[in-house]
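**Q** Just passing along the structure, written as structure tokens.
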Amino acid sequence: ETGVTQSPTHLIKTRGQQVTLRCSSQSGHNTVSWYQQALGQGPQFIFQYYREEENGRGNFPPRFSGLQFPNYSSELNVNALELDDSALYLCASSLVGPEGGYTFGSGTRLTVV
Amino acid sequence: SQQGEEDPQALSIQEGENATMNCSYKTSINNLQWYRQNSGRGLVHLILIRSNEREKHSGRLRVTLDTSKKSSSLLITASRAADTASYFCAPGSGNTGKLIFGQGTTLQVKP
Chain A
-2 ETGVTQSPTH
8 LIKTRGQQVT
18 LRCSSQSGHN
28 TVSWYQQALG
38 QGPQFIFQYY
48 REEENGRGNF
58 PPRFSGLQFP
68 NYSSELNVNA
78 LELDDSALYL
88 CASSLVGPEG
98 GYTFGSGTRL
108 TVV
Chain B
5 SQQGEEDPQA
15 LSIQEGENAT
25 MNCSYKTSIN
35 NLQWYRQNSG
45 RGLVHLILIR
55 SNEREKHSGR
65 LRVTLDTSKK
75 SSSLLITASR
85 AADTASYFCA
95 PGSGNTGKLI
105 FGQGTTLQVK
115 P
């Protein structure tokens, strides 16, 4: 169903550690966005990348950072993990602009203990 | 970009019935999208309606948009147990592509 793959699917980290989540965009898509979804809430926009440059950021601290690579794959890095960072992290890709809708991956479930 | 607010927060119906969920937003939009999320999984794009459209169909889905009331509705006809999911609307007001989601409507379809 989806052309976006995320890895790993589940992850457990200790408070204070650093984590890298990965996303492989759907072929042909040049825009990638990352979202954080806490249990029972809607996804919250973290940031978006277009042609390897950050193209918009939500209300997240600088310890949330990202990269987009020339092949349009992407990483989300979170430093100094806090318990509240426990969530489902979703990656979504599209062609520039939302006209075709976004294709979401199945997410990475991060648990911080 | 702005947030859409879905209503009701939860909806429980019997299989075969229709399900209607609503979305309200605050400022002008270029388009509005609806997404579905099965439990703990990624979102699936259902339909996009542009600001100059009033109604759009896709299979058993019917979406309406009333820009004067700043609201949209999603109707699922002849619901099935597999329609059980959370549904989110995302108003779009530019070309940034940033989607702002509300808390969604959780739909339960009982067999």
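Going line by line, the protein sequences match chains A and B. Under the numbering used here, the first residue of the first sequence carries the number -2, and numbering increases by one thereafter. Under the numbering used here, the first residue of the second sequence carries the number 5, and numbering increases by one thereafter. Using N, Cα and C, we set each Cβ at its ideal position, and we do this for glycine too. These numbers were taken from a predicted model, which means no experiment stands behind them.
Residues in the same chain with beta-carbon distance under 6 Å from Gly25 of chain A, minus the five sequence neighbours each way, listed in chain order, please.
**A** Start at 1 with the first residue of the first sequence, and residue 25 of chain A comes out as number 28. Hits under 6 Å: none found.
**Q** With DSSP as the reference, please indicate the residues paired to Thr28 of chain A in a beta bridge.
**A** Looking up residue 28 of chain A in the first sequence gives position 31. Looking at the DSSP assignment, Thr28 of chain A forms a beta bridge with A:Tyr47 and A:Ser91.
**Q** Which of the three DSSP states is assigned to Ala94 of chain B in this structure?
**A** The sequence position of residue 94 of chain B within the second sequence is 90, counting from 1. Strand.
**Q** Spatial neighbours of Ala89 of chain A within its chain, please: CB distance less than 6 Å, with the 5 preceding and 5 following residues excluded, ordered by chain position.
**A** Taking the first residue of the first sequence as 1, we reach residue 89 of chain A at position 92. Hits under 6 Å: Ser30, Tyr99 and Phe101.
**Q** Between Pro115 of chain B and the rest of its own chain, which residues show a CB-CB distance below 8 Å, the 5 nearest in sequence each way excluded?
**A** For the purposes of this step, residue 115 of chain B is taken as residue 111 along the second sequence, with counting starting at 1. Excluding positions up to five away in sequence, the list reads Glu19 and Ala85.
**Q** Could you give the first and the last residue of the continuous beta strand (DSSP E) run that contains Asp70 of chain B?
**A** One-based indexing of the second sequence puts residue 70 of chain B at position 66. Per DSSP, Asp70 of chain B belongs to the beta strand (DSSP E) from Leu65 to Asp70.
**Q** From which residue to which residue does the beta strand (DSSP E) around Phe61 of chain A run?
**A** The residue you call residue 61 of chain A lines up with position 64 of the first sequence. Element bounds for Phe61 of chain A: Phe61 to Gln65.
**Q** Alpha carbon to alpha carbon, how far is Asp87 of chain B from Ile17 of chain B?
**A** Sequence index remark: in the second sequence, residue 87 of chain B carries index 83 (1-based). Sequence index remark: in the second sequence, residue 17 of chain B carries index 13 (1-based). Taking the straight line joining both Cα atoms gives about 11 Å.
**Q** With 9 Å as the limit, tell me which residues of the stretch 68 to 89 of chain A have their beta carbon closer than that to any beta carbon of chain B; keep them in chain order.
**A** Listed by position along the chain: Leu85, Leu87, Cys88 and Ala89.
**Q** Going by the DSSP bridge assignment, what does Glu19 of chain B pair with across the sheet?
**A** Locating residue 19 of chain B in the second sequence gives position 15, counting from the first residue. Glu19 of chain B is not bridged to any residue.
**Q** Tell me whether Leu78 of chain A sits in a helix, a strand or coil according to DSSP, three-state version.
**A** Here residue 78 of chain A corresponds to residue number 81 of the first sequence, with the count starting at 1. Leu78 of chain A: coil per DSSP, three-state reduction.
**Q** Between Asn76 of chain A and Cys93 of chain B, what straight-line distance do the alpha-carbon atoms span, to the nearest angstrom?
**A** For this step, residue 76 of chain A is matched to residue 79 along the first sequence. For this step, residue 93 of chain B is matched to residue 89 along the second sequence. Rounded to the nearest angstrom, the two C-alpha atoms are 31 Å apart.
**Q** Count Cβ pairs between the stretch 41 to 49 of chain B and the stretch 66 to 78 of chain B that sit closer than 8 Å; are there 3 or more?
**A** No, they do not touch.
**Q** Starting from Ile51 of chain B, follow its DSSP beta bridges and name the residues at the other end.
**A** Here residue 51 of chain B corresponds to residue number 47 of the second sequence, with the count starting at 1. According to DSSP, which records beta bridges pairwise, Ile51 of chain B is partnered with B:Trp38.
**Q** Quick check on DSSP: helix, strand or coil for Ala85 of chain B?
**A** The count along the second sequence starts at 1 and reaches residue 85 of chain B at position 81. DSSP places Ala85 of chain B in helix when its eight states are reduced to three.
**Q** Please compile the residues from chain A whose C-beta is within a distance smaller than 9 Å of the C-beta of Lys73 of chain B.
**A** Residue mapping note: residue 73 of chain B aligns to position 69 of the second sequence, counting from 1. By Cβ distance, chain A contributes nothing, its closest Cβ being about 22 Å from Lys73 of chain B, past 9 Å.
**Q** Spell out the partners DSSP gives Ile3 of chain B in its beta bridges.
**A** Residue 3 of chain B is absent from the structure shown; chain B starts at 5 and stops at 115.
**Q** The beta strand (DSSP E) that contains Glu57 of chain B, what's its start and end?
**A** In the second sequence, the residue the question calls residue 57 of chain B occupies position 53. Premise fails: Glu57 of chain B is in no beta strand (DSSP E) and is neither H nor E.
**Q** Taking the alpha-carbon positions, what's the Thr31 of chain B to His61 of chain B distance?
**A** For the purposes of this step, residue 31 of chain B is taken as the residue at position 27 of the second sequence. For the purposes of this step, residue 61 of chain B is taken as the residue at position 57 of the second sequence. Taking the straight line joining both Cα atoms gives about 24 Å.
**Q** Pick helix, strand or coil for Arg45 of chain B, following the three-state DSSP scheme.
**A** Numbered from 1 along the second sequence, position 41 holds the residue referred to as residue 45 of chain B. Correct three-state label for Arg45 of chain B: coil.
**Q** Could you check if Glu(-2) of chain A is buried or exposed, using at least 16 other CB atoms within 10 Å of its CB as the buried criterion?
**A** For the purposes of this step, residue -2 of chain A is identified with residue 1 of the first sequence, where counting begins at 1. Only weak support is given to the placement of Glu(-2) of chain A: the predicted model assigns it a pLDDT of 42, under 50, and the value that follows is read from those uncertain coordinates. Classification for Glu(-2) of chain A: exposed.
**Q** What does the alpha-carbon distance come out to for the pair Ser5 of chain A and Trp38 of chain B?
**A** What you label residue 5 of chain A is simply residue 8 of the first sequence in a count that begins at 1. What you label residue 38 of chain B is simply residue 34 of the second sequence in a count that begins at 1. Reading off the sequence shown, one finds Pro at residue 5 of chain A, where the question assumed Ser. Their Cα atoms are separated by approximately 27 Å.
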